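From first to last, the protein sequence lines stand for chains P, G, F and W. Residue numbering for the first sequence follows the numbering used here, starting at 1 and increasing by one per position. Residue numbering for the second sequence follows the numbering used here, starting at 1001 and increasing by one per position. Residue numbering for the third sequence follows the numbering used here, starting at 2001 and increasing by one per position. Residue numbering for the fourth sequence follows the numbering used here, starting at 3001 and increasing by one per position. Each residue gets a CB set at the ideal place from its N, CA and C atoms; glycine is no exception. Values in this document were obtained by computation on a predicted structure and should not be read as measured data.
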Amino acid sequence: MFSEKGVERLLSVIAFSAISALALIALFIFIEGIPFLLKYGIKDFLLSSDWRPESGKFGIYPMISASFWVMLGAMLVGAPFGIAGAIFLAEFTPKTVMHIIKPAIELLAAVPSVIYGFIGVVVLAPIIREVFGGPGLSLLAGAIILGIMILPTVISISIDSILAVPASFREGSLALGATIWQTVHMLTIKAAKSGIIASIILGMGRAIGETMAVIMVTGNAVMIPNSALDSVRTLTANIALEMSYATGMHREALFATGVVLFIVIIFLNAIASVVIRKKVITK
Amino acid sequence: MKKHLILFCFITAVIFFGCGKGKVSVTLAGSTAFQPFAEKIADEYMKANPNITITVQGGGSAVGIQSANSGAAQIGMADLVKLPDEAKELTSTIVAQDGIAVIVNPKNKIENLSTEQLRDVFNGKINNWKEIGGGDEPITVVSREAGSGTRSSFEKIVTGIKLVDKAVIQNSNGTIRETVANDENSIGYISHGILNEKVKGLKIDNVECTTESIIANNYKLVRPIFLLTKGTPAGEVKKFIDYILTDEIQLMIKKDGLLPAK
Amino acid sequence: MSLEKNIKIDTRHLNLYFFEEKILKDINLEITSNQILGIIGPAGSGKTTFLRSLNRMNELEPGSRIEGQILLDGIDIYNSELDVISLRKRVGIVFALPVALPMSIYENVVYGVRLSGIKDKARLDEIVEKSLSAAFLWDELKDRLNLSGLRLSGGQQQRLCLARVLAMEPDVILLDEPCSGLDPISTSWIEDALIELKKNYTIVLVTNNTMQAARVADKTAFFLMGELLEVGLTKQIFTAPVKQETNDYITGRFG
Amino acid sequence: MRVSPKYTQIGAVTILGAATAFTVAILIFIIIFVLEKGLPVLSFNFLFTNPSDMGRSGGILPILIGTVLLPVLAIIVAAPLGICTSVYLVEFTLESRVTRLIRFGTDCLAGVPSIIFGLFGFIFFVTILGMGWSIMSGGLSLALMILPTIIRTSEEAIRAVPKAYREVSFSLGASRWQTVRKVVLPNALPGVVTGVVLGIGRSIEETAVVIFTAGSSLLIPTSLFDSTRTMAVHFYILAREGLSMENAYGTAASLIIAVLIVNLTAYWMMHRFIAKRN
């Protein structure tokens, strides 16, 4: 059929083109965004809170702080529930039950984000408006919806890393008379720590990158939030909201927002890969 | 062997499918305000001319200008009071006019705002409904995103607007209408064409936003809708634009809430 | 038959490096046809590396480099037209850990043969029966050929590995401590098989169990620190070794 | 005073169990919320008739077609590319600084917000290559979006195949490619399939990229260069523009059922494959 050399060459061509296509995207975003950063000034762009494209003012500090707070809020909602769920399912639930619930939860990762966003608008936002006041479409709504959206990611990866802790550890501890909970919090969680942290970092990536659901529930006001009830606009929302009407400098500024987003993602991934490598070494 | 056969059939199907377009196709893109009308007109037009496909895309006025420039669409749609520099090279035809309705939730008691009040509300100077005769509730201002045709037209006509920071931003007429319909304390503005019973249109300076008042030139929040083409329209593109300008279609547009071009 | 004609593999001044480290030092060893050569020596003496160099498996590790010659039937396997794939078909290897591929017993046995392009079902059936019989597995497994190879016990898996090599009808069979993880009964099954097989094959057996070498090998070589210290008839090595180190190792006084 | 381990155990289990129950309840609520409102709308008619009046009434036939075509095109392009790339990276190259850089790069791109792929697709496919808003532009943009995920998951799966299997295969005279085809890929298959299913899921649920590159036409596409609309986009437009809540819920329900079918089929196929081999 194919000669060995032929196959290898074919594969290398495919690999090279796939990787260069991906590199092209990264390159493309930087080419579109960097000139603006240099022209406008990185400091002004990142640290000014004045975003008035119609009068040539492009400060994205409010969006950076909004992205940060929404991400943090999503973590506060998603991480405790996700990790608690993972521990409960992995350690205190019969294996058969877990093997049904885990895929079911993973399935929820595939529920379209627009549906989460929509439920945020019609169910969550009115509740927030009634109970706490404010416009309802707020940082709080965004944090809760994103927190729910990252649950499947956090639970699924955490379960995997808890199950990867060798059974001998657990048996050793139980044989010494420890209860399951003592074993879990003194031993299993420590051993699975890096996997759990990795799941949270991945969740953070998802939270910071989510676009449609965030546009729908956060209200998109350009302001540094004073409370969780204020309406905010994240970096992704900034791009998606305004790109369709943007021209000239405004459009370049949105690509520069993309560059900032890209760098944040690279930074998060760098942390994640350090955590994961540490896991490999300690193993 | 069977696998190869299936693969072969599939590839053949794709090729046939891919090449199976014998129809003439015209693409419109841009303004979300005119998009629904364009779609309806396109439907009518295709019924009469079955061998032509007309595709309508949203995206916003900037997309309309860009794609008309780049050729991604033969016709760009824009709803700006004043076209930006990028559109200089393009031929523009006004096909309709559109009123901008200021809307509040139907539960709101307010019926009328003066231009000054409107300006102060959007600038954040007035931030409670009781200051302008409503209940004691904070005002939630809802506006379009920077660059939007509706927003720049609105701001240009009202003048002196520096939008309050905490304004909620939505990126289409429909989403503003939904937001206002959901929130009793909010105020926003949308294309007159998509006004419905879920929200209440306010009188501005005691003039109601109706087709009649706009035609009579009494209502001030009005902007034109442009179709943009590269060079002078010709062939199918020209036919379609001419079709939009026929009395029959202009009447249809009017019935649905837009205003005729002239 | 002259002695020269009987030499199957001949290594000449063989040096093997991993990156800068010299693992094998100037190995000169002649391996006679239709005999079992036992290779003994302490851990880290280079015996496994030597074995793997005989069918170029060492090349799969990054940083491996070779000097000198290995002649198979007089042809240098490293510097000739002989390509590595056909070499490995002629020189089969059984590893220390029994590794059944995750497929049926039948598919495990015919894996190599299928790769050579034999597709005829009857021919394959014949090969399976012959190879499994030679590895003393046929009677146990003939009704369960579609069972996954992974379901077998360690001893069965190791004999399956042997059968898999036999199916390709190689000239030489290399065995790398094939019995290290097996119980005495499985071990004796394999040893019996090897003695039967040397009629048709040249066998090189690396073993940590000196008694195993004494039981089955015609000749025995003793490796130490990457050097070939001594090689000779098994009886002579075990009764009257030339070197003191050999004697110490065999009598268990080494180190 | 020290609390007895027995009580901390009971306390912990209660708290963890409550958190789990709450989590599962919320997730179930989301599904039920959509299905309860959507299922009554769903019918043969709804699925297989054309929409009218911008989707206010009528069915979702063209959207159904778009929802099948776009992910299929994306996966046809991305799966072979991604799997071949990961095979090449793991099996045909040595671990080096370059492969680590590539891995880090694909990791980053897997986390890049989809909107950026949408921008790229809009400029590159729609405008520069002149494909317009079309199934082609959309499919290719989606393919690029899911490519990093597929590369990374299949790379992990391939790496996880025991080294001993490869050694055995080589020792029996298999070439590198034969080893990959006969031993490595069959064993990595579950992981590879997971990656592909994730990719299909992501392209079905994606909204931003599709709006930017495939447009939102409601006509039945007659060629790969026609614009189309997927269920996620249709739902977004219907719900956000307040066109028709009924049809929006109907679309959402079909969307969730579609995702369910894709996932269950993949699980089923994988189990069958594994069962067949053992």
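Check: Assigned secondary structure, T2220(F) (DSSP; H/G/I helix, E/B strand, else coil); Outcome: strand
Check: CA nearest to the CA of S284(P), picked from A164(P), L187(P) and L163(P); Outcome: This structure cannot settle anything about residue 284(P), because the visible part of chain P is limited to 1 through 283.
Check: Cβ-based neighbour list, Q1097(G), same chain, cut-off 6 Å, excluding 5 preceding and 5 following; Outcome: V1222, P1224 and L1259
Check: Beta-carbon neighbours of E3091(W), restricted to chain F and to distances below 9 Å; Outcome: Chain F residues near E3091(W): none, gap ~11 Å exceeds 9 Å.
Check: N- and C-terminal bounds of the beta strand (DSSP E) containing A1078(G); Outcome: I1075 to A1078
Check: Beta-bridge pairing of K3037(W) - partner residues as DSSP gives them; Outcome: According to DSSP, K3037(W) bridges with nothing at all.
Check: Which of helix, strand or coil DSSP assigns to S3244(W); Outcome: coil
Check: Any C-beta of chain P under 9 Å from that of A1072(G); Outcome: no
Check: Min CB distance Q1117(G) to chain P below 9 Å; Outcome: no
Check: For G3201(W), the three-state DSSP class (helix, strand or coil); Outcome: helix
Check: Counterpart residues of D2076(F) in DSSP-defined beta bridges; Outcome: L2071(F)
Check: V3098(W), buried or exposed, once every other Cβ within 10 Å from all chains shown has been counted against 16; Outcome: exposed
Check: Members of the segment 1026-1047 of chain G that neighbour chain W once the beta carbon cut-off is set at 7 Å; Outcome: T1027, P1036 and E1039
Check: Assumed close pair A3019(W), A84(P) - CB separation to whole angstroms, cut-off 8 Å; Outcome: 4 Å
Check: Assigned secondary structure, E2230(F) (DSSP; H/G/I helix, E/B strand, else coil); Outcome: strand
Check: Terminal residues of the beta strand (DSSP E) in which L2174(F) lies; Outcome: V2172 to D2176
Check: Among D3226(W), F3104(W), V3087(W) and I3076(W), nearest to A15(P) - alpha-carbon criterion; Outcome: V3087(W)
Check: Any C-beta of chain P under 9 Å from that of A3019(W); Outcome: yes
Check: As assigned by DSSP and simplified to three states, the class of S2180(F); Outcome: coil
Check: Neighbour list for V1056(G) in chain W, Cβ cutoff strictly below 8 Å; Outcome: S3217
Check: I224(P) versus M63(P) - alpha carbon distance; Outcome: 8 Å
Check: is_contact[Y2970(W), chain F] using C-beta, thresh 9 Å; Outcome: Residue 2970(W) is absent from the structure shown; chain W starts at 3001 and stops at 3278.
Check: Contact set between G3130(W) and chain G, taken where Cβ atoms lie within less than 9 Å; Outcome: S1070, G1071 and A1072
Check: Chain-ordered chain W contacts of I2093(F) [CB-CB under 7 Å]; Outcome: S3171
Check: Alpha helix (DSSP H) segments (min. 4 residues) lying fully within the segment 1155-1224 of chain G; Outcome: 1173-1182 and 1211-1215
Check: Whole-number beta carbon distance between N1173(G) and I1194(G), since they are thought to touch under 8 Å; Outcome: 5 Å
Check: DSSP state of W2189(F) mapped onto helix, strand, coil; Outcome: helix
Check: Check whether V341(P) and A125(P) have beta carbons under 9 Å apart; Outcome: Residue coverage of chain P in this structure runs from 1 to 283, which leaves residue 341(P) outside it and unanswerable.
Check: Distance CB(G1099(G))-CB(S1191(G)) smaller than 9 Å; Outcome: yes
Check: Residues in the segment 234-262 of chain P having any Cβ partner in chain W nearer than 8 Å; Outcome: T236, I239, A240, M243, F255, G258, L261 and F262
Check: Assigned secondary structure, W51(P) (DSSP; H/G/I helix, E/B strand, else coil); Outcome: strand
Check: Supposed close pair A110(P), V3259(W) - CB separation, criterion 8 Å; Outcome: 5 Å
Check: Candidates E3091(W), A3188(W) and E3095(W): closest to G2063(F) by CA position; Outcome: E3095(W)
Check: Beta-ladder partner(s) of I1094(G), from DSSP; Outcome: F1226(G)
Check: Interface residues of chain G facing G219(P) [CB-CB closer than 8 Å]; Outcome: V1168 and I1169
Check: Neighbour flag for V1158(G) against chain P, beta carbons, 9 Å; Outcome: no
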